[in-house]
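Beneath this line is the structure, given in structure tokens, with notes to follow.
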Amino acid sequence: MKTATREPVATTTPTTPRSHIPWFGNPWRKPRILEAITWVYLAWSVLPVTIAVLFSFNQGRSRSSWQGFSLTWWWEDPYESLFRNPLLRPAIFQSFRLAILTTLIAVPIGTAFAIGLDRWRGRPATAANFSVLMAFVVPEIILGLALFLSFEHLLTFIPLGTVAQVIGLVTWQIAYAVIIVRARLLTIGREYEEAAMDLGASPTKSIRRVLLPLLTPAMFASAAIVFADSIDDFVTVRYLSAASDTEPLSVKIYNAARASPTPAVNAAATFMLISTFTIITLGFIAYRVLTRGQRRESAVKEFVSLEV
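In terms of this note's numbering, the sequence shown opens at residue 1 and continues consecutively.
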């Protein structure tokens, strides 16, 4: 006698349409709160800078009441404008001189240091790598004060002024070049150098002919960052300044802001902002141009891997 067997009934869990899900519990909802926080942050960050830039073109002396568009505080005023003021004009030259000298010294030393750390092994290499990272941890005011005391009481043969300022900036800025170039070294690997040495090149020639051209994009990127950070440095250069003609534009802006500033101070700050953005943009363009072939090669490899 056959016994009837009951077939299992398939049960389905009812799903709630997205339209009926509460807004707060809907994982597909638009992130309106995050968008609002982002816009508030951007407004809080950009609005004061925009106002400061706008009042650098104010016609009158007021820095709070708009009196019409003018270039008075850039070059039209014969005594107090940015490019005619006897105190601000030399400060512009000093800022660019410090930034250029720091970049020309810090980037090659940082590149050599990065290659050495990449080849070095053992506890001394770990300690050296840690000392580079310490530059991002130690407050700049401590480094500036330490350098000032060293030059004033210990290394008295180094005078305060441009020489001491360049040494201080190089000491601080080398870390940027080391970090950026080392990151590039990690992406390159040792295969290119080994291939060059297999073809008969010496280790020195493989570094000069193969490795350094591959590191050129990272060197350009680090040069742009070092220049942009040096041109508006305030703490280190203020401690190591000597006479008034060695004070860069950042120190002049600080000194003028404590008195009764005119919109020429806004013009000076705007000039520094434009200079920084220009250098960063040029560095980014150079990096994109120099790595164009590498990006194309990576895209081809990815396409081939997908086809396979």
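Ideal Cβ placement from N, Cα and C applies to all residues, glycine included. All figures in this text were calculated on a predicted structure; none of them were measured in a lab.
Whole-angstrom C-beta distance between residue j and residue i, which should lie under 8 Å
i    : j    : result
A223 : V107 : 5 Å
L169 : T102 : 4 Å
I231 : A99  : 4 Å
Reference residue i, options the options, closest by Cα
i    : options                : result
T171 : F284, F148, T187, R209 : F148
L240 : Q94, Q165, W73, A128   : Q165
I280 : W120, K252, V226, W39  : V226
M309 : L282, L54, T126, A268  : Residue 309 is absent from the model: the chain starts at 1 and stops at 308.
L88  : A267, F284, T278       : A267
P86  : V251, R258, D245       : D245
I115 : F284, I105, I188       : I188
F69  : R63, P78, N58          : N58
L133 : A43, K30, I33, F113    : F113
T162 : R97, R61, G200         : R97
S65  : L155, I51, W44         : I51
A256 : F136, L186, E80        : E80
D229 : T278, R208, L34        : T278
L104 : S45, R119, R190, I167  : I167
Sequence-distant residues of its chain with Cβ nearer than 8 Å to residue i (five each side left out)
i    : result
V289 : none
L145 : Y239
Cβ shell of residue i (< 7 Å), same chain only, five flanking positions each side left out
i    : result
V210 : Y192, E193, A196
F83  : W74, W75, R89
R238 : V251
M1   : Confidence is the limiting factor: at M1 the pLDDT is only 48, short of 50, which leaves the residue's position unreliable, though a coordinate-based value still follows. So no residue of the chain qualifies.
A135 : W172, A175
V265 : I253, A256, A257
T12  : Note that T12 has pLDDT 49, beneath the 50 cutoff, so the model's placement of it is unreliable and the number below is only indicative. Cβ neighbours of T12 beyond the five flanking positions: none.
Distance CB(residue i)-CB(residue j) smaller than 8 Å
i    : j    : result
Q67  : E247 : no
L117 : R182 : yes
W73  : P263 : yes
P213 : T291 : no
L273 : A91  : no
T276 : E140 : no
I180 : A221 : yes
L160 : F151 : yes
P261 : R63  : yes
Cβ neighbours of residue i in the same chain (closer than 6 Å, five flanking residues each side left out)
i    : result
G110 : I174, A177, V178
I270 : The amino acid at residue 270 is misidentified as Ile; the sequence shows Thr. These residues qualify, in order along the chain: V53, S56.
R61  : T262
P48  : none
Which complete alpha helix (DSSP H) runs does the region 63-143 hold, if anything under 4 residues is left out?
88-119, 123-134
Hey, which unbroken runs of the alpha helix (DSSP H) at 4 residues or more fall wholly within the region 239-291?
249-257, 263-290
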